[in-house]
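Enquirer:
2 protein chains.
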Amino acid sequence: MNVRSARRLLSSLLPPRAEPGWRVRLWDGTELASETAPAFTLHVRHPSALERVAGDPSMGFGEAYVAGHLDVEGDLGALLGLAYREDLFARLSPLKKARLCWWHLRGRSGLRRARREISHHYDRGNEFYRLWLDEGLNYSCAYFETPETDLETAQRAKNALVLRKAGLRPGHRLLDVGCGWGSLLLAAAETPGVRALGITLSERQLELARERIRRAGAADRVEVRLADYRELDPGRDGPFDRVVSVGMFEHVGRRNIPVFFERVRRLLKPRGLFLLHTIGRILPRETDPWIRAHIFPGGYIPALVEILPAAERAGFDFLDLENLRRHYHRTLGHWIERFEARSGEIAGRMGEAFVRMWRLYLHGSRAAFGEGDLHLFQLLYSRGRREDLPLTRRHFYEAAEGGFPPHPAAASP
Amino acid sequence: MNVRSARRLLSSLLPPRAEPGWRVRLWDGTELASETAPAFTLHVRHPSALERVAGDPSMGFGEAYVAGHLDVEGDLGALLGLAYREDLFARLSPLKKARLCWWHLRGRSGLRRARREISHHYDRGNEFYRLWLDEGLNYSCAYFETPETDLETAQRAKNALVLRKAGLRPGHRLLDVGCGWGSLLLAAAETPGVRALGITLSERQLELARERIRRAGAADRVEVRLADYRELDPGRDGPFDRVVSVGMFEHVGRRNIPVFFERVRRLLKPRGLFLLHTIGRILPRETDPWIRAHIFPGGYIPALVEILPAAERAGFDFLDLENLRRHYHRTLGHWIERFEARSGEIAGRMGEAFVRMWRLYLHGSRAAFGEGDLHLFQLLYSRGRREDLPLTRRHFYEAAEGGFPPHPAAASP
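Respectively, the protein sequence lines represent chains R and F. The numbering of the first sequence is our numbering, which starts it at 64 and goes up by one. The numbering of the second sequence is our numbering, which starts it at 64 and goes up by one.
1. Listing by chain order, which chain F residues have their CB less than 7 angstroms from the CB of residue 444 (chain R)?
2. With DSSP collapsed to three states, give me the class of residue 371 (chain F).
3. Which residues, in chain order, does the stretch 303 to 322 of chain R contribute to contact with chain F at a C-beta distance below 8 angstroms?
4. Which residues of chain F have a Cβ atom closer than 7 angstroms to the Cβ of residue 383 (chain R), listed in chain order?
5. CA-CA distance, residue 92 (chain R) and residue 427 (chain R)?
6. Tell me whether residue 308 (chain F) is buried or exposed, calling it buried when 16 or more other Cβ atoms sit within 10 Å of its Cβ.
7. In the DSSP output, what is residue 287 (chain F) paired with across the bridge?
8. CA-CA distance, residue 140 (chain R) and residue 429 (chain R)?
9. Step through the CB atoms of chain R and report whether any lies within less than 8 angstroms of the CB of residue 345 (chain F).
10. Can you tell me whether residue 98 (chain R) is buried or exposed? The criterion is at least 16 other CB atoms within 10 Å of its CB, across all chains shown.
11. What is the DSSP secondary structure of residue 11 (chain R), counted as helix, strand or coil?
12. How should residue 199 (chain F) be labelled, buried or exposed, when 16 other C-beta atoms within 10 angstroms of its C-beta is the threshold for buried?
13. Taking the alpha carbon of residue 127 (chain R) as the reference point, which residue from R:416, R:437, R:95 has its own alpha carbon closest?
14. Ignore the nearest five residues each way along the sequence and tell me which others in residue 425 (chain F)'s own chain have a CB closer than 8 angstroms to its CB.
15. Does the beta carbon of residue 210 (chain R) come closer than 8 angstroms to any beta carbon on chain F?
16. Can you list, in chain order, the residues of the stretch 361 to 376 of chain F whose Cβ is nearer than 7 angstroms to any Cβ on chain R?
17. Is it the case that the Cβ atoms of residue 260 (chain F) and residue 291 (chain F) are separated by a distance below 8 angstroms?
18. Using CA coordinates, which residue listed in F:224, F:358, F:122, F:188 is at the minimum distance from residue 244 (chain F)?
19. Residue 275 (chain R) and residue 249 (chain R) - do their beta-carbons sit closer together than 8 angstroms?
20. Specify, as a first and last residue, the run of the alpha helix (DSSP H) that residue 325 (chain F) falls within.
21. Hey, how far is the Cα of residue 106 (chain R) from the Cα of residue 338 (chain R)?
22. For residue 76 (chain F), which residues in the same chain have their Cβ closer than 8 angstroms to its Cβ, ignoring the five residues on either side in sequence?
23. DSSP beta-bridge partners for residue 445 (chain F)?
24. Just how far apart, CA to CA, sit residue 413 (chain F) and residue 206 (chain R)?
25. Starting from the Cα of residue 145 (chain F), find the closest Cα among F:283, F:86, F:226, F:332 and give me that residue.
26. Please list the residues of the stretch 328 to 358 of chain F that have a C-beta atom closer than 7 angstroms to any C-beta atom in chain R, keeping them in chain order.
27. Using the Cα positions of residue 89 (chain F) and residue 117 (chain F), report the straight-line distance between them to the nearest angstrom.
28. Alpha carbon to alpha carbon, how far is residue 367 (chain F) from residue 167 (chain R)? Give it in angstroms, no decimals.
29. Considering only C-alpha positions, which residue in the set F:393, F:404, F:433 is nearest to residue 210 (chain F)?
30. Comparing alpha-carbon positions, which option in R:348, R:173, R:411 lies nearest residue 431 (chain R)?
31. At what residues does the alpha helix (DSSP H) containing residue 421 (chain F) begin and finish?
32. If residue 131 (chain R) sits next to residue 108 (chain R), beta carbons under 8 angstroms apart, how far is it from one beta carbon to the other, in whole angstroms?
33. Check the DSSP bridge columns for residue 386 (chain F) and list the partner residues they point to.
34. Quickly, what does DSSP pair residue 106 (chain R) with across the bridge? List them, please.
35. DSSP state of residue 113 (chain F), grouped into three classes?
36. Listing by chain order, which chain R residues have their CB less than 8 angstroms from the CB of residue 402 (chain F)?
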């Protein structure tokens, strides 16, 4: 690509009055900019970078950015926000149809592959995650009760909200599908008589979760296993009064959505409750190919129009849906701030390219919740119909006393 | 159909251990019953009644019941609940596929037809509705804050909840699409400086709504018009800060769902909020043909998987979804009680066949919310993305002061 065609391409894509504005500097020193004040300068260090972006937009951008052939001076989030608002990757993508077709042909992940995929992301080292997550190591959307709430408080509030919605009560058996480093299990263990099982496919998460549970003195009532949700046996391991799954459904894969609901239903007691906390869209769309290749292999962001029918067909009765989109936008803001504050240390451990990769991933995700089509859904279901739950959602917003919701109507089935 | 084939048909359909139990008495005195204690006796007074049910289940049952060829002694609701739980009409229906095909070919209702359809149901006479609705004449799902709440209180609470969710504030312009007899408009008029427009296609509703508004001294700020939502002009009649639609969307028709969202979007200011309160299912299904023929001509119960994509494509940003299924079940219980208490008077006015028809409609609807697949959805949307609304749903559950929600963040756009 020569300078002239690069200018033409960029002028056709980038709106002259964007707010905030943009500036692009090409390899020969040529500059283009919006009429508005630029929030960033995109440095195109080599002609091949633009060719790669034009050929395969998301993948080309991600790889060129990580390699340093594209660089961003100033606000990376503003550039990605602009890309989402203007839907630049989709507008650039000539191969979109072919890729969508290929994507429809795959997407079911077997057990061995699932382990490999999870390990890729979560076995980066617990020390790495400790550098920028909250102290409880909650790697999912937090719940900010006020605009001033800090991340530590918001992550605790998220776990409390999930357990209030699920109506966890003394004596319940709880299953946490994708338990991470065990924070939700530890919160659940505060309710007297609860026995909980958490499963993860990450060995590093397993180790630390077990250690944290031991240190909390909860090992008699909380267990963590290295297992896929498809490996649990309703007879041997279940049944459970409550199932929760927070930030794991994004790894299930499109074709396994009905399998997931079918398995969870069999693990639940009749009349049991299921709280699903997941990133999602309204309408199906291909998961960003760069994210899928480099960050979350096998990941698929499910659409509501895929989730709702699968749950209905598996025999779940729909109770409630909350959208926490803005809470994930905020959570990612906190993570970015912490990540950047420790980026020197992270580069020392993992290398500079890794920092660039994760910077793009975190900023890209934040922009997708702010300007793109990502939402965070909390869906509440019962296995079969119940007429005895609280009539309104008011109890979700009342302070829990003694570690469990005060409403008598949510009694154990 | 002879007695032997009738016995065979009934035995294959009705489970022997149903709870509550059933009894059928055929025209020749033959009786069949469940092993469990019967809650009702279905009298089949003529062989042709079962033939009609077998040929076209819902329509045949409804028409034979209204004509008295089928009669129910005891709990009509228990029979209809059994029919929904066992999905009897679908299991009986040999013509289902052909009907579904036909149903997919139609369903868009023009303006003249819409007026005729609405008039059929709502122009029955205001005195008729006064006999069994609450004093505010709210003909839609109420909101029961506690199990003890009475219908009058629950209908006022519903209007208050709708306006709290929509974030109605002083000075707002409000549009109520399908305003009925004007109760929601009157509730909105209590917020200082609100100017509201309600539209209906029922002349009887129009008259009474105008009279009530005049009597309340609100005629200077609340207007009601006989108009279809497609007849409003964004330039002349709008734009509105808030749009609400309560129990009207069920008349829009399947093919007009995208048209509806597109029209509402154009009537709303950018960043305005839209609260849609509608009966719905998760998955699409043909509207009961008897209900469609005799009660709600042109009616279509929309599915979430149809609503969500249409709203998304029209540029609405999804904020929240609440399921008030149990509240409609309760509302219908109250209506049935009141209807039966006045049934002699209603029969005197409208005839005995009318009472049987409405009895079946009310009981059938109640069973569809209790044992069938009907839900009541309250969907909240903004026109385009907003980042300044309250972060949680807590304010939906806080007492409103001065007639508008106390949260400062829901300020007028």
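Beta carbons are placed, not taken as given, at the ideal position from N, Cα and C, and that holds for glycine.
Expert: In short, the structure shows the following:
1. None at all; the shortest Cβ gap to chain F is about 11 angstroms.
2. helix
3. none
4. 385, 386
5. 27 angstroms
6. buried
7. F:261
8. 8 angstroms
9. yes
10. exposed
11. A question about residue 11 (chain R) goes unanswered here, because the residues of chain R that appear run from 64 up to 476.
12. buried
13. R:416
14. 395, 398, 399, 402
15. yes
16. 367, 368, 371, 372, 375
17. no
18. F:188
19. yes
20. 320 to 330
21. 45 angstroms
22. 149, 151, 154, 155
23. F:336, F:380
24. 56 angstroms
25. F:86
26. 345, 346
27. 15 angstroms
28. Any reading at residue 167 (chain R) needs caution, since the residue's pLDDT is 47, under 50, leaving its predicted position unreliable; the model's value is listed next. The alpha-carbon atoms of residue 167 (chain R) and residue 367 (chain F) are separated by roughly 23 angstroms.
29. F:393
30. R:348
31. 415 to 433
32. 7 angstroms
33. F:440
34. R:88, R:134
35. helix
36. Ordered by position in chain R, no residue passes the 8 angstroms Cβ test against residue 402 (chain F), which lies about 22 angstroms from the chain.
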